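Residue 108 in our numbering sits at position 101 of the sequence shown; the count goes up by one each step and never skips.
Just so you know, even glycine gets a beta-carbon here, dropped at the ideal spot from N, CA and C.
Owing to the predicted nature of the structure, the values given are computational and were not obtained by experimental measurement.
One structure is given here, and the rest of the page talks about it.
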Amino acid sequence: MRLAGKTALITGAGAGIGRACAELFAEEGARVVIAERDVETGQAVQEALTQRGLECLFVQTDVSDADSVRNAITRTIETYGRIDVLYNNAGGSSLSDGPVTTAPFEEFWNKMKVDLFGVWAGCHYAIPHMIEAGGGSIINATSVLALMGTSGRDAYTTAKGGIISLTRSMAVEFAPHKIRVNAIAPGATTTERVLKRLAQANPGPSKTAAASLLGLIEPREIAYAVLFLASDESRKMTGQVMVVDSGLTI
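This is the structure:
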């Protein structure tokens, strides 16, 4: 029970990597707060965990809205009295993205609001409670695309690159309070959204899949890496970007 006695809030926990983490964290003893914008998927995760006797709470949350994020943190504290782990998972790219010369401004600001601001807001409201509790672990979702040259994703990579810089600065800022801040950089993972994007953007055999030397990644495989960063096993790690990419970047 690697998270026994801990309270963990996961944004975007209704599907994909977020849901896999919610399930694994609960199995490892955490009280899990499912912070998800979509009511149907959020409630489905809550029901699935509750039926297994695992402790969880669903709070409808839009990470692009500061008041919504504050409400999720407030509900967490009201229900469980503390927050030990924050996994800022919510985010993603879309087919509307493109080169800086042609990508719509709306797409750029959407990535800033959801991917980057969502992380900022979560940390803004959660960290004071972590300080009060004596420490904690924050994991921010970035992407391997922020670590390598790519094309056609300039809004997305801008946001994800910002997350890496924010992760490192917060790691220094809050180390005296025993708060660790790390990032996870997944490669191509078999979530419904990513598989759909690969099919639409790359008809036929996917170059991304071919470059993933160990095959496409299952959400649960990312969840194990996030669990390590959330647990005390990584207590001497902060400011790091853990890459789980099936060899894509090499």
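Residue nearest to residue i in terms of C-alpha spacing, selected from the options
i	options	result
residue 135	177, 108, 103 and 43	177
residue 125	85, 80 and 157	80
residue 150	98, 14 and 139	98
residue 66	38, 173 and 46	46
residue 120	84, 169, 221 and 225	169
residue 192	51, 19, 185 and 96	96
residue 133	33, 160, 70 and 226	70
residue 94	122, 215 and 54	122
residue 225	23, 11 and 17	23
residue 100	235, 164, 181 and 15	164
residue 49	186, 148 and 16	16
Endpoints, beta strand (DSSP E) assigned at residue i
i	result
residue 38	38–43
residue 251	248–251
residue 121	Run containing residue 121: none; DSSP gives neither H nor E here.
residue 70	Per DSSP, residue 70 belongs to no beta strand (DSSP E) and is neither H nor E.
residue 193	186–193
Buried versus exposed call for residue i [16 or more other C-beta atoms within 10 Å across all chains shown]
i	result
residue 255	buried
residue 21	buried
residue 127	buried
residue 102	exposed
residue 38	buried
residue 137	buried
residue 42	buried
residue 242	exposed
residue 257	exposed
residue 232	buried
residue 58	exposed
residue 3	Here the chain covers residues 8 to 257 and nothing more, so residue 3 does not appear.
Delimiting residues of the alpha helix (DSSP H) encompassing residue i
i	result
residue 57	46–58
residue 86	73–87
residue 9	That residue, residue 9, is in no alpha helix (DSSP H); it is neither H nor E in DSSP.
residue 255	Residue 255 -> no alpha helix (DSSP H), and no H or E assigned at all.
residue 117	112–118
residue 151	Looking at the DSSP string, residue 151 is not in any alpha helix (DSSP H), and its letter there is neither H nor E.
residue 135	125–140
residue 93	It is not in any alpha helix (DSSP H) - residue 93 instead sits in the beta strand (DSSP E) that spans 92–95.
Within 8 Å, strictly: CB atoms of residue i and residue j
i	j	result
residue 230	residue 92	no
residue 166	residue 110	no
residue 248	residue 171	yes
residue 190	residue 174	yes
residue 2	residue 222	Nothing can be reported for residue 2, as the shown portion of the chain is limited to 8 through 257.
residue 33	residue 56	yes
Distance, residue j Cα to residue i Cα
i	j	result
residue 29	residue 105	32 Å
residue 179	residue 88	26 Å
residue 188	residue 240	14 Å
residue 27	residue 198	10 Å
residue 9	residue 113	41 Å
residue 118	residue 107	13 Å
residue 129	residue 82	13 Å
residue 40	residue 13	11 Å
residue 220	residue 253	6 Å
residue 245	residue 60	33 Å
residue 155	residue 251	14 Å
residue 212	residue 218	Residue placement at residue 212 cannot be trusted, given a pLDDT of 49 that sits under 50; what the coordinates show is reported in the next sentence. Roughly 11 Å between the two C-alpha positions.
residue 62	residue 158	42 Å
residue 115	residue 153	15 Å
residue 85	residue 215	44 Å
residue 52	residue 160	30 Å
residue 90	residue 235	17 Å
residue 18	residue 75	11 Å
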